[in-house]
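The next block holds one structure in the form of structure tokens; read it before the comments.
Residue numbers (my numbering): 5 to 439.
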């Protein structure tokens with residue numbers, strides 16, 4: 005699945021990551037490679053017979069050159085894993101980021117430029133084979149985002165001090181932000197100081213495609229080929245002004261007002277091709293066709309406001325996450341599938357629950373932490389890594405991580421090039437499970 009991730013500026017304390025990133029947006033943050041030699045294999049075959057191949061330890065003291073690094077003194081949990089260019093990048097809760105070789109599992113380099121840098125997030129830019137590092141620094145009380153790009157080729161050689169600063173003209177202090185959209189190969193920034201949005205070309209992140217002044221823009225939603233601008237409005241007329249732009253040029257394609265129920269908070273508003281999805285508090289889900297203005301309504305009792313809402317472009321459907329449940333819906337308002345034996349489990353130590361949910365590039369499989377059923381007499385049911393087919397809801401595989409390490413799993417990823425499931429735990433270790 006394409007990636008879309010947003011990092012919002014805000015003051016953070018040393019030793020913990022910042023807040024301000026929405027659950028739905030961070031769910032879209034995942035970046036993966038392309039299918040290669042196993043394209044023709046069935047989904048079930050791809051996800052069977054997993055065995056632990058090895059473990060990478062961010063805080064291991066097995067290399068003298070790294071033991072003196074100030075950042076590696078205290079263990080913390082893995083919150084994000086990115087696989088790119090034959091490397092595994094593990095980002096910890098304390099803001100330490102380390103690169104490992106996928107084959108040898110040897111540590112290549114620490115990505116932090118100094119002990120004063122706290123890495124907030126990572127993004128694999130496939131367009132120019134770089135890793136974009138989003139960080140905050142002690143010099144400004146960790147209040148402004150800074151972005152830099154490192155070539156994967158350099159990181160493979162263990163060279164982390166060669167990088168290119170990005171978006172240096174932008175003030176990314178709160179409420180400023182940077183958002184990466186892998187589907188359209190674009191980057192969206194908002195400079196709070198200048199009150200202007202800018203769209204950049206991901207192939208050349210130094211190139212600004214166009215700018216948009218912050219004129220009554222309440223929210224921006226990005227879909228394949230377009231941007232949906234939700235504009236500010238008074239609640240008195242019961243209408244929300246919307247504007248649809250071309251993501252490539254910024255040209256306005258359509259402006260209209262959407263009727264809403266006055267006094268009810270808008271929980272969800274998304275656009276997918278000609279469909280507009282609108283969900284207000286304690287109200288039905290409305291699926292509006294923008295071409296003929298027809299509306300399909302799904303009753304509130306049947307479709308409660310989800311915790312996260314993911315559009316699946318490959319299947320013309322969307323996933324709704326609510327508490328421990330995942331449901332697949334189509335744009336006719338029909339429930340397509342319910343996942344078998346799939347009660348989501350979220351680690352108590354993790355604030356961002358999307359860290360333990362991964363959807364593959366082709367949007368055919370979801371990998372997540374789930375409670376195991378069928379264990380009568382257990383007060384707390386064991387938690388395993390579940391691999392489920394999205395279209396059918398069938399469970400394809402389970403991985404019992406308890407068998408190798410009792411430390412709680414805190415992040416999940418999947419290497420599409422090799423077919424490996426990557427899991428990070430609360431001790432700062434990364435497990436590689438191979439088929």
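Backbone N, C-alpha and C define an ideal beta-carbon position, used for all residues, glycine too.
Cα-Cα separation between residue 27 and residue 209, rounded to whole angstroms: For residue 27, the pLDDT reaches just 49, beneath the cut-off of 50, and the residue's location in the model is therefore unreliable, although a value from the coordinates is still provided. A straight-line Cα-Cα distance of about 25 Å links residue 27 and residue 209.
Where residue 327 falls: helix, strand or coil (DSSP): Residue state, collapsed to three classes: coil.
Status (buried if at least 16 other CB within 10 Å, exposed otherwise) for residue 128: Residue 128 is buried by the Cβ-count criterion.
Residue interval of the alpha helix (DSSP H) (run including residue 47): Boundaries of the alpha helix (DSSP H) around residue 47: 47 to 50.
Cβ shell of residue 164 (< 7 Å), same chain only, five flanking positions each side left out: Cβ neighbours of residue 164 beyond the five flanking positions: 113, 114, 115 and 154.
Cβ pair count under 8 Å reaching 3, the segment 341 to 359 against the segment 412 to 430: Between the segment 341 to 359 and the segment 412 to 430, the count of Cβ pairs shorter than 8 Å is three or higher; the stretches touch.
Closest Cα partner of residue 316 within the set 368, 130 and 190: In this structure, 368 is the residue among 368, 130 and 190 with its C-alpha nearest to the C-alpha of residue 316.
Extent of the continuous beta strand (DSSP E) run through residue 83: Secondary structure note for residue 83: its beta strand (DSSP E) is the uninterrupted segment 82 to 88.
Beta carbon of residue 262 nearer than 9 Å to that of residue 282: Yes, they are a contact pair.
Neighbourhood of residue 345 by C-beta, 6 Å cutoff - its chain only, sequence neighbours within 5 removed: These residues qualify, in order along the chain: 377 and 399.
Beta-carbon proximity of residue 122 to residue 62, cut-off 9 Å: No.
Within 9 Å, strictly: CB atoms of residue 306 and residue 339: The beta carbons of residue 306 and residue 339 sit closer together than 9 Å.
Check whether residue 440 and residue 335 have beta carbons under 9 Å apart: No answer is possible for residue 440: the residues shown for the chain start at 5 and end at 439.
Cα-Cα separation, residue 311 to residue 328: Computed Cα separation, rounded: 10 Å.
Three-state secondary structure assigned by DSSP to residue 437: In this structure, residue 437 counts as strand in the three-state DSSP scheme.
Buried versus exposed, by CB contacts within 10 Å (16 or more), residue 134: So residue 134 counts as buried.
Simplified DSSP assignment, three categories, for residue 159: Looking at residue 159 - three-state DSSP - the assignment turns out to be helix.
Identity of the residues DSSP links to residue 59 by a beta bridge: Bridge partners of residue 59: 435.
Alpha carbon of residue 80 to alpha carbon of residue 10, nearest angstrom: As the crow flies, the alpha-carbon of residue 80 is around 23 Å from that of residue 10.
Counted within 10 angstroms of its Cβ, other Cβ atoms place residue 257 as buried (16 or more) or exposed: Exposed, since its Cβ has fewer than 16 Cβ neighbours within 10 Å.
Touch test, the segment 166 to 176 against the segment 185 to 203, Cβ-Cβ under 8 Å, three pairs minimum: In short, these stretches touch, since the Cβ pair count reaches three.
C-alpha gap between residue 320 and residue 276, whole angstroms: Roughly 9 Å between the two C-alpha positions.
Check whether residue 96 and residue 397 have beta carbons under 9 Å apart: No, the Cβ-Cβ distance between residue 96 and residue 397 is not below 9 Å.
Proximity to residue 466 [Cα-Cα], best of 195, 347, 103 and 341: Since the first and last residues shown for the chain are 5 and 439, residue 466 lies out of range.
Own chain, CB closer than 7 Å to residue 220, minus 5 neighbours either side, in chain order: Excluding sequence positions up to five before and after residue 220, its CB lies within less than 7 Å of the CB of 235 and 236, all in the same chain and listed in chain order.
Local Cβ density within 10 Å of residue 36, reported as buried at 16 or more and exposed below that: The pLDDT assigned to residue 36 is 37, lower than 50, so where the model puts this residue is not dependable; a value taken from the coordinates is nonetheless given after this. Classification of residue 36: buried, given that the 10 Å Cβ count is 16 or more.
Inter-residue Cα distance where the pair is residue 387 and residue 420: In a straight line, the C-alpha of residue 387 is about 24 Å away from that of residue 420.
CB contact flag (residue 213, residue 203, <9 Å): It is a contact, given that the beta carbons lie within the stated cut-off.
Inter-residue spacing [alpha-carbon to alpha-carbon] between residue 424 and residue 404: Each residue's Cα considered, the two are about 15 Å apart.
For residue 274, the first and last residue of its enclosing beta strand (DSSP E): Element bounds for residue 274: 270 to 276.
Neighbourhood of residue 53 by C-beta, 7 Å cutoff - its chain only, sequence neighbours within 5 removed: Same-chain partners within the cutoff: 439.
Contacting residues, own chain, Cβ-Cβ under 7 Å from residue 333 (five flanking each side not counted): Same-chain partners within the cutoff: 321, 322, 324, 339 and 340.
Residue environment, residue 278, which counts as buried when at least 16 other CB atoms sit within 10 Å: The residue in question, residue 278, is exposed, as its Cβ has fewer than 16 Cβ neighbours within 10 Å.
DSSP three-state assignment for residue 357, whether helix, strand or coil: Shown here, residue 357 sits in a helix according to DSSP, grouped into three states.
Proximity below 9 Å, CB of residue 159 to CB of residue 103: Cβ distance < 9 Å, so residue 159 and residue 103 count as in contact.
Reduced DSSP secondary structure (H/G/I, E/B, other) of residue 144: Of the three classes helix, strand and coil, the one that applies to residue 144 here is helix, per DSSP.
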